[in-house]
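Each remark here refers to the structure printed beneath this line.
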Amino acid sequence: MITSAEQKMQFLYALRSKGVTDKRVLTAMEKIDRADFIKGIFANRAYEDMPLPIACGQTISQPSVVALMTQALQVQPRDKILEVGTGSGYQAAILSQLGRRIYTIDRHRRLAQTAQKLFERLDLGNITVISGDGSFGLPDQAPFDRIIVTAAAEDPPGPLLAQLRIGGIMVVPVGQSDTVQGLIKVTRTETGYEYDELRPVRFVPLLEGIAPE
Ligand code: SAH
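Quick note: the sequence shown, position 143, residue 249 per this note's numbering, numbers continuous.
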């Protein structure tokens with residue numbers, strides 16, 4: 107839990123003022139303490155609404171972006187969810203409060219291992235962490251009710267579209283890595299895919315292959 111009552115109030119206020127209205131999402135954001143996911147000198151800035159550096163040259167996303175992406179995903183309690191881009195594990199921890207089973211994959215083995223230990227310590231038993239290239243999804247566990255990509259792709263990756271259940275929703279930042287990207291919501295229908303552009307975002311790029319250690 108976020109410790110100081112005033113910090114917690116400001117944190118939740120910032121989320122609401124950015125358009126986060128879903129009560130279940132707000133409750134998850136209140137319960138999961140972002141400070142657990144940030145090490146070292148930036149830890150005291152955990153409740154500020156900004157992205158912060160984590161290991162391996164990556165970033166933990168801005169809390170309002172995490173909350174808005176989660177809200178757009180419209181997670182149901184029985185959902186099996188895939189996250190591509192574990193990073194600090196914060197987004198996966200939020201999803202663990204809302205869905206049934208979370209699979210999260212990162213191409214940096216070190217990030218995957220650190221997140222796994224953290225989930226054990228925080229007793230978040232419904233998250234499975236995988237180290238590998240997530241752009242191919244996780245065929246063994248497909249189909250997924252929800253898929254969230256937290257790195258920017260040039261297009262929604264084909265294997266991920268294929269692993270989305272009919273009626274399922276995917277949220278993915280799309281665009282070049284060095285510019286502003288568009289957050290896209292993809293809904294799989296009986297006959298194809300519907301695309302909605304939600305808002306501008308800025309994410310690190312979705313890269314191919316496993317990261318060298
Ligand atoms: N969701 C994270 C933030 C993600 S930062 C959080 O809550 O902290 C983006 C992450 O995507 C980085 O950790 C990066 O290593 C990972 N990534 C980039 N390309 C990837 C790929 N092809 N497969 C898996 N992970 C990838």
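For glycine and all other residues, C-beta sits at the position ideal for the given N, C-alpha and C. All figures in this text were calculated on a predicted structure; none of them were measured in a lab.
Span of the alpha helix (DSSP H) around E260: Taking the sequence shown and counting its residues from 1, the one referred to as residue 260 is at position 154. Looking at the DSSP string, E260 is not in any alpha helix (DSSP H), and its letter there is neither H nor E.
I'd like to confirm something about L313: is its beta-carbon nearer than 8 Å to some heavy atom of the ligand SAH, or not? Counting from 1 along the sequence shown, the entry for residue 313 is found at position 207. Yes - the ligand SAH has a heavy atom lying nearer than 8 Å to the Cβ of L313.
Any chance the stretch 228 to 246 sits against the stretch 185 to 197, with 3 or more Cβ pairs inside 8 Å? yes
So, with DSSP's three-state summary, where would you put Y119? As a working mapping, residue 119 is identified with position 13 in the sequence shown. Three-state result, Y119: helix.
C-beta atoms of P263 and L312 nearer than 9 Å: On the sequence shown, position 157 is the one that residue 263 refers to. On the sequence shown, position 206 is the one that residue 312 refers to. Taking 9 Å as the Cβ cut-off, P263 and L312 qualify as a contacting pair.
Can you check which of these residues, M135, S110, R130, is closest to A120 by C-alpha distance? On the sequence shown, position 14 is the one that residue 120 refers to. Checking every option, the nearest Cα to that of A120 belongs to M135.
Roughly how many whole angstroms lie between the Cα atoms of M107 and G193? Counting from 1 along the sequence shown, the entry for residue 107 is found at position 1. Counting from 1 along the sequence shown, the entry for residue 193 is found at position 87. Residue confidence for M107 is low, a pLDDT of 49 falling below 50, so the modelled location carries little weight and cannot support an answer.
Look at the alpha carbon of F148 and the alpha carbon of G273, and state the distance between them as a whole number of angstroms. Position 42 of the sequence shown, counted from the start, is the residue given in the question as residue 148. Position 167 of the sequence shown, counted from the start, is the residue given in the question as residue 273. Roughly 40 Å between the two C-alpha positions.
Provide the residue(s) that pair with Q287 in DSSP beta bridges, ordered along the chain. Reading the sequence shown from its first residue, position 181 is the one you call residue 287. V307, per the DSSP bridge assignment.
Helix, strand or coil for M107 per DSSP? The residue labelled residue 107 in the question sits at position 1 within the sequence shown. For M107, the predicted structure reports a pLDDT of 49, less than 50, and the residue's modelled location is therefore unreliable. The matter cannot be settled from this model.
Looking only at its own chain, which residues have a Cβ that is under 6 Å from the Cβ of A173, when we skip the five neighbours before and after it? To locate residue 173, count along the sequence shown from 1; it is residue 67. If we look at A173 and ignore the five residues flanking it on each side, its Cβ neighbours are L121, V126, V131, M135.
For V277 and A111, I'd like the C-alpha separation in whole angstroms. As a working mapping, residue 277 is identified with position 171 in the sequence shown. As a working mapping, residue 111 is identified with position 5 in the sequence shown. Their backbone Cα atoms lie some 32 Å apart in a straight line.
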